[in-house]
Structures are given as C-alpha cells and as structure tokens.
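Residue numbers (the working numbering), protein chains in the order written: chain A, 1 to 182; chain X, 1001 to 1206. Even for Gly, the Cβ is constructed at its ideal location relative to N, Cα and C. Everything on this sheet refers to the single structure shown next.
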C-alpha cells in the first residue's frame, strides 16, 4: 500500500501514527543508514544496532522534523550522532573491529582480484583517523554534497573539502607505500 | 599528487563501501519489522512547542475557553502543591535531586527546577561493591566515580547538568548496570541496556 507513495506522504502518515508507513521509510533508507554507520564504526554488529536505534529515535522525534528539510540529511544526522556516542562509549568497552566477509560470485578469478582490491581499500580506509574517514564515507557511499556532510558532522563546508582531499591523499600514500615499500 | 574529478580512487571507494553493505544484506533483512516491533504503540512526541502550537490553533470551542480550562487546571495543581508541600518527606530547596531509588514522579518534579545549580544526584545501593562509577552521555562515557563515605552501601555522586536528555549506566566493580529503576526510560544497544533521564523536562533526542 505504501510502496508507491512519495516520501512526504509517508512521513505525514507516520506522523499520524501509521507505523506501516514508517516501515516503508525504514526499508528505503536502511542501506544508506547502515552504510554510514559501518563507515563510522567499522563493526557490522554495532552498525546494525545503531541503524535500528537511529530509526527508532527518528520516529520518536518525528514531530521535530521539518518536512521542508531533506529527510536523508536529518536521519543521517541522527545516525551520525548515535555513532559518535557509540565511539565514545567504546573507549570503555573496546570491541573487535572490521569483521567483514565478502560474498563470492560466479567468476572466481575476477572475484579474487576484486576482493583483493576491496580488502586493500577497506584496510586503508579503516586505518584513517575518524575525522578523515567519515567525510569519505558520506561522500562516496551516501553521495552527499559537501554542504550536507558539513551539516551532518557539524563542521564547515571548507573543512569537509579539506578532509576529503587530505583523506584521499593519505589513502594514495598508503597504496604507494604498498607498491614500493622502500 | 593530483585528485581530479575522475579519480579512480573515488570509484574504488564507492565499490568497497557498497560491497560492505551488500555483504550485510542478509542481516538487514526484516529490519523494518524489528523497528516497528520495538516501537510498539509509541507515537511521535509532540514536544512543548508542538503542544503550544496546538493550544494556539483555532478550535471549535474557542481559544479563550481552552486557555481558561488550562489556567484553572494549573491553579488547582498549584493550590494542591502548596497545601501538600509541608507534608513531603523532603524539602525541594534543601535536598538534591534523587535519580535512583526514589519514585520517578518525585524525581521528575525536582529535576525540573535548576539542576545546573543543585546538581543531579546519582544514587545506587550496592552493598558489597568496591568501586562504583557512572558513565553517560554527559561525561562522554568517561567514568565519574560514586562515593560511599559512611560505608552504608549507598553510593552517590552529584553532577551539575543543564536541561536535556541523558543516557547513562552505572559500572559496579567493572560490570555494566544500565537499568536504574527510576530512569525515565531505557534504551537497548549492543545487547545492553542504558538508562535515560530527562533533566529539566527538555532535551533533544536527535
């Protein structure tokens, strides 16, 4: 029933207490929110929990949401705040990070090459400091503008550009060192 | 080193980040049901501004009639509160806010005073504990120690907090204890509960 409705209609219906409409919103945004959380937290179980909590919190606070504002930015901001809290909490409760397993595909040779490439990128990305990693995730996974990233992370747009540029430079530096260890 | 718009690294990053989500697709299946199950019958909170807007909105009965009812109700509560104030087991001006072990209704009414001045008292009965602390969003989840100076097993600390929403938990001899009985609500993350306290009746959940 809700599959074909536009986002604003779904949000209005959710505001009126129609939880099934909120279920459709969750379905539409869960991958994007999860990708963001995974990029922030580097742990799949944590990212799943925060994704769940972000949609709960968004629903409970839905009356504070301005329908004229872009919904994705709002829900990403909630998720980013929860991730930040979780990272602080982790200082006292460290967990094993980076527990991804890649899915196989039909062509083993191509799969191996792709997996190796992704492992290299993932390892390098995860070794970046949080301040550089998170703008890269928001830019290249969530496809957000510099301004939207700045809004979500509460930093100026210029800082976002600098961190993305610097983050990529750091990644390239790591790849160069891998190729030429001397 | 140049970072042009068609940088192959951009595509590598996209591919890798998307693959991580694809790999987790199985565990994300059914998230909608889990979210709706957790929500239960909870409806979005209207908030103070929303309530005021609703109050100010035109109604069939007329706004003045509605305001008169609200005013009369407030006056009645004020009168009852004044009459009962001498019978309360504590004076609101002398005793700090109790977060643990006290009825939630009583703590809420005190919390709405000036917690920044009085401080919020975290109190926990833990008879055989050796070290007790509280961690929360107010301390960036860094431990704040509780003390039991008279050795009666009641551990306390007082923390000045501005109005807002705070998640917290106690750490008793290194063990997480997240369900303070007088918390306003609980949240469950990563398999553990945390308590939530609204100080001063405000706070932004986002």
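Cutoff 6 Å; reference residue i; Cβ partners in own chain excluding five residues on either side
{"i": "residue 1172 of chain X", "result": "1126, 1129 and 1132"}
{"i": "residue 1166 of chain X", "result": "1136, 1137, 1138 and 1197"}
{"i": "residue 1090 of chain X", "result": "With a pLDDT of 35 at residue 1090 of chain X, under the threshold of 50, the modelled position of that residue is not reliable, and the figure given next carries that caveat. Within the same chain, residue 1090 of chain X has no close Cβ partners at all."}
{"i": "residue 124 of chain A", "result": "171 and 174"}
{"i": "residue 1185 of chain X", "result": "1196"}
{"i": "residue 157 of chain A", "result": "146, 147 and 150"}
For residue j and residue i, believed in contact at Cβ under 8 Å, the rounded distance
{"i": "residue 38 of chain A", "j": "residue 21 of chain A", "result": "That belief does not hold up - the Cβ atoms of residue 38 of chain A and residue 21 of chain A are roughly 26 Å apart, past 8 Å."}
{"i": "residue 35 of chain A", "j": "residue 1120 of chain X", "result": "The Cβ separation is near 37 Å, so there is no contact."}
{"i": "residue 1012 of chain X", "j": "residue 121 of chain A", "result": "5 Å"}
{"i": "residue 44 of chain A", "j": "residue 1024 of chain X", "result": "6 Å"}
Cβ pair residue i, residue j closer than 8 Å
{"i": "residue 51 of chain A", "j": "residue 152 of chain A", "result": "no"}
{"i": "residue 146 of chain A", "j": "residue 168 of chain A", "result": "no"}
{"i": "residue 62 of chain A", "j": "residue 127 of chain A", "result": "no"}
{"i": "residue 1028 of chain X", "j": "residue 140 of chain A", "result": "no"}
{"i": "residue 23 of chain A", "j": "residue 1032 of chain X", "result": "yes"}
Spatially closest choice to residue i from the options, by CA coordinates
{"i": "residue 30 of chain A", "options": "A:61, A:75 and A:172", "result": "A:75"}
{"i": "residue 1194 of chain X", "options": "X:1200, X:1175 and X:1169", "result": "X:1169"}
{"i": "residue 1160 of chain X", "options": "X:1200, X:1011 and X:1024", "result": "X:1200"}
{"i": "residue 1035 of chain X", "options": "A:176, A:85, A:78 and A:49", "result": "A:49"}
{"i": "residue 26 of chain A", "options": "A:55, A:180 and A:129", "result": "A:55"}
{"i": "residue 19 of chain A", "options": "A:113, A:42, A:164 and A:58", "result": "A:58"}
{"i": "residue 66 of chain A", "options": "A:130, A:163 and A:12", "result": "A:12"}
{"i": "residue 1176 of chain X", "options": "A:90, A:42 and A:143", "result": "A:90"}
{"i": "residue 1187 of chain X", "options": "A:60, A:130 and A:77", "result": "A:60"}
Alpha carbon of residue i to alpha carbon of residue j, nearest angstrom
{"i": "residue 1142 of chain X", "j": "residue 1134 of chain X", "result": "8 Å"}
{"i": "residue 1150 of chain X", "j": "residue 47 of chain A", "result": "44 Å"}
{"i": "residue 177 of chain A", "j": "residue 1037 of chain X", "result": "49 Å"}
{"i": "residue 132 of chain A", "j": "residue 33 of chain A", "result": "19 Å"}
{"i": "residue 1026 of chain X", "j": "residue 1007 of chain X", "result": "32 Å"}
{"i": "residue 79 of chain A", "j": "residue 70 of chain A", "result": "15 Å"}
{"i": "residue 1158 of chain X", "j": "residue 1179 of chain X", "result": "19 Å"}
{"i": "residue 68 of chain A", "j": "residue 134 of chain A", "result": "26 Å"}
{"i": "residue 1039 of chain X", "j": "residue 17 of chain A", "result": "11 Å"}
{"i": "residue 179 of chain A", "j": "residue 1010 of chain X", "result": "19 Å"}
{"i": "residue 1124 of chain X", "j": "residue 6 of chain A", "result": "49 Å"}
{"i": "residue 1096 of chain X", "j": "residue 164 of chain A", "result": "Any reading at residue 1096 of chain X needs caution, since the residue's pLDDT is 31, under 50, leaving its predicted position unreliable; the model's value is listed next. Approximately 48 Å between the Cα atoms of the pair."}
{"i": "residue 1156 of chain X", "j": "residue 84 of chain A", "result": "28 Å"}
{"i": "residue 129 of chain A", "j": "residue 88 of chain A", "result": "14 Å"}
{"i": "residue 1162 of chain X", "j": "residue 1019 of chain X", "result": "43 Å"}
{"i": "residue 155 of chain A", "j": "residue 149 of chain A", "result": "8 Å"}
{"i": "residue 28 of chain A", "j": "residue 1122 of chain X", "result": "41 Å"}
{"i": "residue 118 of chain A", "j": "residue 1015 of chain X", "result": "8 Å"}
{"i": "residue 1113 of chain X", "j": "residue 1146 of chain X", "result": "Because the pLDDT of residue 1113 of chain X is 37, which lies under 50, any placement of that residue in the model is unreliable, and the question is left without a value."}
{"i": "residue 8 of chain A", "j": "residue 1164 of chain X", "result": "29 Å"}
{"i": "residue 159 of chain A", "j": "residue 144 of chain A", "result": "15 Å"}
{"i": "residue 1144 of chain X", "j": "residue 1174 of chain X", "result": "13 Å"}
Same chain, Cβ closer than 8 Å to residue i, neighbours up to 5 away in sequence not counted
{"i": "residue 53 of chain A", "result": "82"}
{"i": "residue 166 of chain A", "result": "132"}
Contacts around residue i, its chain only, beta-carbon distance under 7 Å, and the 5 residues preceding and following it disregarded
{"i": "residue 86 of chain A", "result": "41, 46 and 50"}
{"i": "residue 1154 of chain X", "result": "1123, 1125 and 1148"}
{"i": "residue 189 of chain A", "result": "Missing from the structure shown is residue 189 of chain A; chain A here goes from 1 to 182 and no further."}
Interface residues of chain D facing residue i [CB-CB closer than 9 Å]
{"i": "residue 48 of chain A", "result": "Any reference to chain D falls outside this structure, whose protein chains are A and X."}
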